[in-house]
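Undergrad:
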Amino acid sequence: MSEQNLFKVTIDNITIDVPAGTTVLQAARLIGGQVAPPAMCFYSKLEGSGGKCRTCLVEVSKGSEKDPRPMPKLVASCRTTVMDGMEVKNITSEKVLDARAGVVEFLLLNHPLDCPICDQAGECHLQDLSFEHGKAETRYEFQRRTFEKHDLGKNIQLHMTRCILCYRCVFTADQLTNKRVHGILDRGDHAEIATHIEKSLDNEFIGNVIDVCPVGALTDKTFRFKNRVWFLKPMDAHRDCPTCSGRVTLWNRGDEVYRVTARKDQWGEIEDTPDGKPGWICNTCRFDKKATSDWTIEGPREISRQSVIAQGHYAGNIGTTKPNETFKAVNDGRTPHLLMDIHDESEVNQPNIHLGQIQGPSHGDTFNTNNTHKA
Amino acid sequence: MQPLTNKAQAVSRAPMTFWERLYLINIIKGMFITFSHMFKKQPTTRYPEEKRAFSPVFRGLHVLNRDEEGRERCTACGLCAVACPAEAITMEAAERETGEEHLYREEKYAAKYEINMLRCIFCGLCEEACPKDAIYLSETFAPANYTRKGFIYGKPDLLIPNPKTEASDLALARGVEA
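Chain order of the listed sequences is R and D. This note's numbering numbers the first residue of the first sequence as 1 and each following residue consecutively. This note's numbering numbers the first residue of the second sequence as 1001 and each following residue consecutively.
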């Protein structure tokens, strides 16, 4: 990109030079922090995404240097490209904050209040969005929409009631797999993500729809109800995978791998691999490699201190590394005299039950003490 | 430094008088105070026979609640465990299977739910965190025990009696508590 193609754009009184053709949202993300508008449907790694959820609305108070008139309405920043000398107001505009609260209210109209059950809770973009921009109460008095259940196969769980119709999973299937078998059926209030005739999603890269889903509509069936994300220990790991980059985040409890996801950046999007390609991961890495021995662990993943996932990890890496100075090591090999071994009494976190190895959610009989579930 | 209150008094170093050295008056004063307590209201509660009423904000032993139909309310969301400052609460979640709808209120439930009463500080944060009205702190305290083992409370210890099938037990429990 040559020099004269740089456009000067001012977002919330911060000026930045960006190449022509950049969207306002991308420019704001370059500035970072609170200036970046939230986005539920836009995904920078997916071509054509964006423009559906309206959470990224911004006010353009000056169109460009040549045409300084403001834009008459709020515009979706993910679909609006910058002009030279454009001035944009995001959090400095009352109108934007008010509109965003309205958008959140609309998104939550039909969204069920099942965060306590939902596996996405704690890393859900809609949760963050409604916490930051929404109102505490709903004014909706009618029945929320419900759907017939669709089975998407053994690895992916669909909860259509939670869907906000962002189309990200549709773009993922279009752009990562050679044949898309799911999509949006019907229209308006009846629009739903489904496969037309009961069909399971089984393409090698289809698991990425779980990572791109901003809500808990598409979740990992192999992790279903195993644990809450904030009790797990995210570790960066990689493996030599013939089909994908193999760079993942492992979500561990102790040494057990409960879930494998791609690495996500600060915008909740898939991180790029060192060679600049998006680090999508294949289904084998995501669903089948649930043993620590399958992976080379690089170290604990940095989690934003504002995230609930950071609870229990204390400061940075402390608490995620195994201490060497155990009682046995510093006391000439003697074991401590325990007044009680918690595993003798407790039925939670039993050493002989390996939840990570169970395909699909656990059931009541999984935890019966006389029943040893070994993979 | 100037005194902040006027309560400070300089210690008198003057030698005691004859009456003061005799101590008789002070002894009589003291015995009068002792005697006057005979006519005051007794603060002692004779415990096993007589029980003191708990304060309405008393936070005692936890109970796991059921709804009117006797289904367990807890959905193993982990908010009590994450709110717990003593890390006393642990749980294992499981999926409700078809045929178990009368047992559990939601799609997910706590297959195992444990409170380590040795760790619990009875702060009540679990009760505040619970989005499903599932955990409450009752007006009893954890009974004493000879071993540490007895303080790991599982679901059988915590769940209230089923209002459908064990209504009399529930009434009894309520009556004792109230």
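Think of the CB as a built atom: it goes at the ideal place given N, C-alpha and C, for glycine as much as any other residue.
How would you call Trp-1019(D), buried or exposed, if buried means at least 16 neighbouring beta carbons within 10 angstroms?
TA: Taking every protein chain shown into account, the CB of Trp-1019(D) has fewer than 16 other CB atoms within 10 angstroms, so this residue is exposed.
Undergrad: Hey, is Ala-1088(D) close to the ligand ADP, as in C-beta under 6 angstroms from one of its heavy atoms?
TA: As presented, the structure is devoid of all ligands, the ligand ADP included, so that no description of it is given.
Undergrad: Have a look at Thr-1075(D), Gly-1060(D) and Leu-1061(D) and flag the residue whose alpha-carbon is nearest the alpha-carbon of Asp-1067(D).
TA: Thr-1075(D)
Undergrad: Suppose contacts are defined by Cβ-Cβ distances below 7 angstroms. Is Gly-216(R) in contact with Gln-120(R) by that definition?
TA: Cβ atoms of Gly-216(R) and Gln-120(R): closer than 7 angstroms.
Undergrad: May I ask you to verify whether the region 50 to 66 of chain R touches the region 111 to 118 of chain R, counting CB pairs closer than 8 angstroms and requiring at least 3?
TA: Flag = no, the region 50 to 66 of chain R and the region 111 to 118 of chain R do not touch.
Undergrad: Could you tell me the distance, in whole angstroms, from the CA atom of Pro-351(R) to the CA atom of Asn-283(R)?
TA: 28 angstroms
Undergrad: Under 7 angstroms, do Glu-1128(D) and Phe-1054(D) count as touching if we go by C-beta distance?
TA: no
Undergrad: Is it a yes or a no for the region 155 to 170 of chain R touching the region 210 to 225 of chain R, going by three-plus beta-carbon pairs under 8 angstroms?
TA: yes
Undergrad: Ile-251(R) touches chain D at which residues, Cβ-Cβ below 9 angstroms?
TA: According to the sequence provided, residue 251(R) is Trp. The question's Ile does not apply to it. What Trp-251(R) touches in chain D: nothing, since even the nearest Cβ is about 14 angstroms away.
Undergrad: Three-state secondary structure (DSSP) at Pro-234(R)?
TA: strand
Undergrad: To the nearest angstrom, report how far apart Arg-145(R) and Ser-93(R) are at their CA atoms.
TA: 33 angstroms
Undergrad: Based on the DSSP secondary-structure assignment, which residues constitute the bridge partners of Glu-59(R)?
TA: Lys-89(R)
Undergrad: Quick one: what's got a C-beta closer than 6 angstroms to Phe-1122(D)'s C-beta in the same chain, skipping five residues either side?
TA: Cβ within range, chain order: Arg-1059.
Undergrad: Can you give the Cα-Cα distance for Leu-1004(D) and Met-1016(D), rounded to whole angstroms?
TA: Answer to the nearest angstrom: the Cα atoms are 30 angstroms apart.
Undergrad: Which residues in the same chain have their Cβ closer than 7 angstroms to the Cβ of Ser-130(R), if we skip the five residues on either side of it in sequence?
TA: Val-104 and Leu-108
Undergrad: Strictly by DSSP, which residues pair up with Asp-17(R)?
TA: Lys-8(R)
Undergrad: Less than 7 angstroms between the C-beta atoms of Val-257(R) and Gly-356(R), yes or no?
TA: It is a contact, given that the beta carbons lie within the stated cut-off.
Undergrad: With contact counted as at least three CB pairs below 8 angstroms, one residue from each stretch, are the region 339 to 354 of chain R and the region 1094 to 1105 of chain D in contact?
TA: Judged by Cβ distances under 8 angstroms, the region 339 to 354 of chain R makes no contact with the region 1094 to 1105 of chain D, as fewer than three pairs qualify.
Undergrad: Determine, using beta carbons only, whether Phe-171(R) and Gly-48(R) come nearer to each other than 7 angstroms.
TA: Against a cut-off of 7 angstroms, the Cβ pair of Gly-48(R) and Phe-171(R) comes out as a contact.
Undergrad: Closer than 8 angstroms between beta carbons: that is the criterion. Which residues of the region 1070 to 1101 of chain D meet it against chain R?
TA: Thr-1075, Ala-1076, Cys-1077, Gly-1078, Leu-1079, Ala-1081, Val-1082, Thr-1090, Met-1091, Glu-1092, Ala-1093, Ala-1094, Glu-1095, Glu-1097 and Glu-1100
Undergrad: Name the chain D residues that come within less than 9 angstroms of Ser-346(R), Cβ to Cβ?
TA: Thr-1090, Lys-1112, Glu-1114, Asn-1116, Ile-1152 and Gly-1154
Undergrad: For the alpha helix (DSSP H) containing Pro-300(R), name the first residue and the last one.
TA: Pro-300(R) -> not in any alpha helix (DSSP H); beta strand (DSSP E) instead, spanning 296 to 300.
Undergrad: One question on the structure: do Asp-236(R) and Gly-299(R) come within less than 7 angstroms of each other, judged by their Cβ atoms?
TA: yes
Undergrad: Residues of chain D with CB under 8 angstroms from Trp-230(R), in chain order?
TA: Gly-1078 and Val-1082
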